[in-house]
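Participant:
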Amino acid sequence: MTAAATSARPRHLLDFQDWSPERLTAILDNADTMLQVLDRPVKKVPALQGLTICTAFFENSTRTRTSFELAARRMSADVMTFAAGASSVSKGESLRDTIEVLTQYKVDAYIVRHHASGAAHLVHQYSGKPVINAGDGRRAHPTQALLDAYTVRQEYGSLEGKTVAILGDVRHSRVARSNAELLPKLGAKVILCGPATLLPADLGALPGVTLTTDPVQAVRGAHAVMALRLQQERMTGGYLGSLQEYADTYQVNEALMGHAESGAIVLHPGPMNRDVEISAEAADGPRSRILKQVENGQAIRMSVLYHLLVGRD
Amino acid sequence: MAPKATILSADEIRRGLTRIAHEIVERNKGAQDLAIIGVHTRGIPLAARLAAKLSELEGVEIPTGMLDITLYRDDLSEVAHQPIIRETHVPFDIAQRRVVLVDDVLYTGRTVRAALDALIDLGRPLGIQLAVLIDRGHRELPIRADYVGKNLPTAKSEVVKVKLQETDGVDIVELWDLEDVK
Numbered sequence: 020m021t022a023a024a025t026s027a028r029p030r031h032l033l034d035f036q037d038w039s040p041e042r043l044t045a046i047l048d049n050a051d052t053m054l055q056v057l058d059r060p061v062k063k064v065p066a067l068q069g070l071t072i073c074t075a076f077f078e079n080s081t082r083t084r085t086s087f088e089l090a091a092r093r094m095s096a097d098v099m100t101f102a103a104g105a106s107s108v109s110k111g112e113s114l115r116d117t118i119e120v121l122t123q124y125k126v127d128a129y130i131v132r133h134h135a136s137g138a139a140h141l142v143h144q145y146s147g148k149p150v151i152n153a154g155d156g157r158r159a160h161p162t163q164a165l166l167d168a169y170t171v172r173q174e175y176g177s178l179e180g181k182t183v184a185i186l187g188d189v190r191h192s193r194v195a196r197s198n199a200e201l202l203p204k205l206g207a208k209v210i211l212c213g214p215a216t217l218l219p220a221d222l223g224a225l226p227g228v229t230l231t232t233d234p235v236q237a238v239r240g241a242h243a244v245m246a247l248r249l250q251q252e253r254m255t256g257g258y259l260g261s262l263q264e265y266a267d268t269y270q271v272n273e274a275l276m277g278h279a280e281s282g283a284i285v286l287h288p289g290p291m292n293r294d295v296e297i298s299a300e301a302a303d304g305p306r307s308r309i310l311k312q313v314e315n316g317q318a319i320r321m322s323v324l325y326h327l328l329v330g331r332d
Numbered sequence: 078m079a080p081k082a083t084i085l086s087a088d089e090i091r092r093g094l095t096r097i098a099h100e101i102v103e104r105n106k107g108a109q110d111l112a113i114i115g116v117h118t119r120g121i122p123l124a125a126r127l128a129a130k131l132s133e134l135e136g137v138e139i140p141t142g143m144l145d146i147t148l149y150r151d152d153l154s155e156v157a158h159q160p161i162i163r164e165t166h167v168p169f170d171i172a173q174r175r176v177v178l179v180d181d182v183l184y185t186g187r188t189v190r191a192a193l194d195a196l197i198d199l200g201r202p203l204g205i206q207l208a209v210l211i212d213r214g215h216r217e218l219p220i221r222a223d224y225v226g227k228n229l230p231t232a233k234s235e236v237v238k239v240k241l242q243e244t245d246g247v248d249i250v251e252l253w254d255l256e257d258v259k
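So the sequence lines, in the order shown, correspond to chains A and B.
FYI, in the working numbering the residues of the first sequence are 20 to 332.
FYI, in the working numbering the residues of the second sequence are 78 to 259.
1. What does a CB cutoff of less than 6 Å around residue 255 of chain B pick up in its chain, not counting 5 residues either side in sequence?
2. Can you tell me whether DSSP reads residue 220 of chain B as helix, strand or coil?
3. Answer yes or no: does any C-beta atom of chain B fall closer than 8 Å to that of residue 22 of chain A?
4. Our contact map puts residue 212 of chain A next to residue 246 of chain A with C-beta atoms below 8 Å; I'd like the distance itself, whole angstroms only.
5. Who are the Cβ neighbours of residue 208 of chain B in its own chain at under 6 Å, not counting the five residues just before and after it?
6. With 8 Å as the threshold, decide whether the Cβ of residue 66 of chain A is near any Cβ in chain B.
7. Please list, in chain order, the chain A residues whose beta carbon lies closer than 8 Å to that of residue 157 of chain B.
8. Ignoring anything shorter than 3 residues, give me the beta strand (DSSP E) runs that lie fully in the region 98-173 of chain B, in order along the chain.
9. Could you pull out every residue in the same chain whose Cβ sits closer than 8 Å to the Cβ of residue 94 of chain B, ignoring the five residues on either side in sequence?
10. According to DSSP, simplified to helix, strand and coil, what is residue 81 of chain B?
11. Which value, in whole angstroms, describes the spacing of the CA atoms of residue 20 of chain A and residue 216 of chain B?
12. As an exercise, report each continuous beta strand (DSSP E) stretch of at least 3 residues that is fully enclosed by the region 82-126 of chain A, in chain order.
13. Which residues in the same chain as residue 75 of chain A place their Cβ atom closer than 6 Å to its Cβ, once the five residues preceding and following it in sequence are excluded?
14. Which chain B residues are close to residue 55 of chain A, counting only those with a beta carbon under 7 Å from its beta carbon?
15. When Cβ atoms are compared, which residues of the region 233-259 of chain B fall closer than 9 Å to chain A?
16. Please list, in chain order, the residues of the region 42-53 of chain A that have any C-beta partner in chain B closer than 7 Å.
17. Since residue 323 of chain A and residue 46 of chain A should fall inside the 8 Å C-beta cutoff, what is the C-beta to C-beta distance between them, to a whole number of angstroms?
18. Locate the beta strand (DSSP E) running through residue 129 of chain A, then write down its first and last residues.
19. Run down chain B in chain order and give the residues with a C-beta less than 8 Å from the C-beta of residue 59 of chain A.
20. In the DSSP assignment, find the unbroken alpha helix (DSSP H) run with residue 188 of chain B in it and report its ends.
21. Report yes or no: is there a C-beta of chain B within less than 8 Å of the C-beta of residue 326 of chain A?
22. Considering residue 204 of chain A, what are the terminal residues of the beta strand (DSSP E) in which it resides?
23. On the CB-based measure, 16 or more other CB atoms within 10 Å of its CB, does residue 133 of chain A come out buried or exposed?
24. Going by Cα to Cα distance, which pick from B:253, B:259, B:258, B:257 is closest to residue 82 of chain B?
25. Rounded to a whole number of angstroms, what is the C-alpha to C-alpha distance between residue 210 of chain A and residue 259 of chain A?
26. Under 7 Å between beta-carbons, which chain A residues line up against residue 162 of chain B? List them in chain order, please.
27. Determine, using beta carbons only, whether residue 311 of chain A and residue 122 of chain A come nearer to each other than 8 Å.
28. Show which residues of chain A have a CB atom less than 9 Å away from the CB atom of residue 149 of chain B.
29. Please return the same chain residues whose Cβ sits closer than 8 Å to the Cβ of residue 187 of chain B, not counting the five positions on each side in sequence.
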C-alpha cells in the first residue's frame, strides 16, 4: 500500500491546500492507466457505474465541461449537465437553493465552475457531496494545473528539478495560481512573468515561486513555457498600454523560446489569442504540447474522479 | 504465526504448471494461436512460466500479457482505501487468438468475471480459457477453471497464500487461518 492509499483522503478537489505530494503523484500515476483506456477499442471502464455526477457550470466553458463529462462517462458514471444560463439562476435563484434542488436528484458528486472565488466550497457545504472545482473566480483551477504538471512529467519523466515559466496575465489567472501551488509540491520551480500591473506580489511568497517582469530572464533555463490567455474582457482597468505593446514584449514565440532549454516545450491552457500571447508558429510548432494537454486533461479528470469517488476511508 | 499446512512445495508448483502446459497443448491441439495473459499480481509470473513451458514443448513463441482488473471490480464502493491501479499491458491483438487467462487462486469467481470484462474490452478473442494454480471452491458466480494445479477444499475462515519466487522470493502455497493473517 502506498501512503496515498493508507492515509485519509480528501473527498474534494477545491485547491491543493490539503493535498500531499504522495496523493498528487497517485493521481498523475493513475492518469497513465486512464490514457491506456482511451487508446483501447472500448474506451470505457465500469469503475463509477451507478454514480450520478452533476456538472454545475455557473460560468461558460466548453472545453472543461466537455472534458469532465466525457471523463465521467468513460468511467461509466451518469452525467447531469446544469448550465446556469438556461436555469432558474437566471430568474434569481440563489446558489444554495439551486444546489439543494439538484441534490434531491440523488447527485453523488459535483463538478463546479463559478465566477466567484470560493463557490465550489459553498457547493460542498450545501450538498455534503464530493466537489471538484472546475475553476472558481481567480482562485483555482486544479485539474488544469494537474494536466499541465502531467504533460511536463510525460515529457521529462519527472518534475523534480524542472522549471516551468508562466507568462502573461497572471493577475486574472486561476490557472497560474493553481500551477504555482501545485508544481513546487511536485519538485518543480515556477517563474511567473508579466507586466508589473498583471503580476500580483503575493504569489511571490509561495515556496518555489519567483516573479519577474523580464520575459527573457523568465524563460532562461525553463523546461516548459506556458503562455496565459490575455483576458481582454478584464483589460478595461488600464493594465496595459496596448495589445501590440504587450505582444511585442511578452508573446511566447520562437525568438523567446530560443532562450529556454533546448528541448523546452510550449503549453497554453486555452483558448488562445493567436499572435497576441502566443505566436502561431509557437502554437503549432514541434515544441507545442497544447493538443497533448487537451488529451491529457481527459485522463487526469478520469483519475481525479476515480481518486475522489472510489473506495471508503 | 505459522501456516496450518503447506499445500504445494516449489517442486509441486513446478510439476503442476508442467501438467497444465501439457493439458493446454492437448486441448488446443498445439499452441499455434494461443496467448497467455496473467492477472495481477501473482497471475503474471505464473503466466510467464506457463508461456515458457509451452514454448519449450511446442517450439513457438507464445505472446504474453498482463491484466489489471481494478477498474472492473464490482465491489469498489465496499473496499476500504483506494485500490491501486496497476498496468494492463497486452502488446498484441487478441482477436484471432485463444487466450489462456492465468491467476493464482480461484475463489468466489468475481476476479475472473472482472478479468473477462476487461479482456473483452481489448478485443474479441476466439476463445478464453482459465488456468489457476489453486481452486479453493466457494464460487459466487457460475465460473469454473479449465486447468487447475490443485483442487483444495477450504473453509471460508481460511486463507490460501501463494508465494512465488518473482514476487515473494520463494515458491510455496500455504493454508492459513484468516484470524492469523489479520
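A virtual CB, placed ideally from N, CA and C, is assigned to each residue, including glycine.
Facilitator: Taking the coordinates as given:
1. Here residue 255 of chain B refers to the residue found at position 178 when the second sequence is read from its first residue. So the list reads 234, 236, once near-sequence residues are dropped.
2. For this step, residue 220 of chain B is matched to residue 143 along the second sequence. Three-state DSSP puts residue 220 of chain B in coil, outside helix and strand.
3. Walking along the first sequence from the start, residue 22 of chain A turns up at place 3. At residue 22 of chain A, the pLDDT of 38 sits below 50, so the modelled position is not reliable; the number obtained from the coordinates is stated separately. For residue 22 of chain A, the answer is no, since every Cβ of chain B falls outside 8 Å of its Cβ.
4. Here the question's residue 212 of chain A lines up with position 193 in the first sequence. Here the question's residue 246 of chain A lines up with position 227 in the first sequence. The Cβ separation is near 10 Å, so there is no contact.
5. Here residue 208 of chain B refers to the residue found at position 131 of the second sequence. The residues are 97, 177, 179, 224.
6. Counting from 1 along the first sequence, the entry for residue 66 of chain A is found at position 47. Yes, residue 66 of chain A lies at the interface with chain B (some Cβ there is under 8 Å from its Cβ).
7. Along the second sequence, one-based indexing puts residue 157 of chain B at 80. Within 8 Å Cβ-Cβ: 330, 331, 332.
8. 111-116, 141-144
9. Here the question's residue 94 of chain B lines up with position 17 in the second sequence. 123, 126, 127, 130, 210, 226.
10. Along the second sequence, one-based indexing puts residue 81 of chain B at 4. If DSSP states are grouped into helix, strand and coil, residue 81 of chain B belongs with coil.
11. For this step, residue 20 of chain A is matched to residue 1 along the first sequence. For this step, residue 216 of chain B is matched to residue 139 along the second sequence. Any reading at residue 20 of chain A must be qualified, since the residue scores a pLDDT of 36, below 50, and its modelled position is unreliable; the value itself is stated next. For residue 20 of chain A and residue 216 of chain B, the distance between alpha carbons rounds to 27 Å.
12. 97-102
13. Translated into the one-based positions of the first sequence, residue 75 of chain A becomes position 56. So the list reads 101, 129, 131, once near-sequence residues are dropped.
14. On the first sequence, residue 55 of chain A is found 36 positions in, with the first residue counted as 1. 165, listed in chain order.
15. none
16. 49, 52
17. Against the first sequence, residue 323 of chain A aligns to sequence position 304. Against the first sequence, residue 46 of chain A aligns to sequence position 27. Rounded, the Cβ-Cβ distance is 6 Å, consistent with contact.
18. In the first sequence, the residue the question calls residue 129 of chain A occupies position 110. Run containing residue 129 of chain A: 128-133, per the beta strand (DSSP E) assignment.
19. The count along the first sequence starts at 1 and reaches residue 59 of chain A at position 40. In chain order: 198, 199.
20. Taking the first residue of the second sequence as position 1, residue 188 of chain B is located at position 111. Here the alpha helix (DSSP H) through residue 188 of chain B covers 187-197.
21. Position 307 of the first sequence, counted from the first residue, corresponds to residue 326 of chain A. It does; some Cβ of chain B falls within 8 Å.
22. What you label residue 204 of chain A is simply residue 185 of the first sequence in a count that begins at 1. It is not in any beta strand (DSSP E) - residue 204 of chain A instead sits in the alpha helix (DSSP H) that spans 193-204.
23. Residue 133 of chain A sits at position 114 when you count from the first residue of the first sequence. Buried, by the Cβ-count rule.
24. As a first step, residue 82 of chain B must be located in the second sequence, where it is residue number 5. The option with the nearest alpha carbon to residue 82 of chain B is B:253.
25. Mapped onto the first sequence, residue 210 of chain A falls at position 191. Mapped onto the first sequence, residue 259 of chain A falls at position 240. Straight-line Cα distance between these residues: approximately 21 Å.
26. Taking the second sequence and counting its residues from 1, the one referred to as residue 162 of chain B is at position 85. Near residue 162 of chain B (Cβ distances below 7 Å), the residues of chain A are 49, 52.
27. The residue labelled residue 311 of chain A in the question sits at position 292 within the first sequence. The residue labelled residue 122 of chain A in the question sits at position 103 within the first sequence. Result no, Cβ atoms of residue 311 of chain A and residue 122 of chain A do not sit closer than 8 Å.
28. Numbered from its first residue, the second sequence carries residue 149 of chain B at position 72. The answer, in chain order, is 64, 65, 66.
29. By 1-based counting over the second sequence, the position of residue 187 of chain B is 110. 150, 151, 152, 217, 218.
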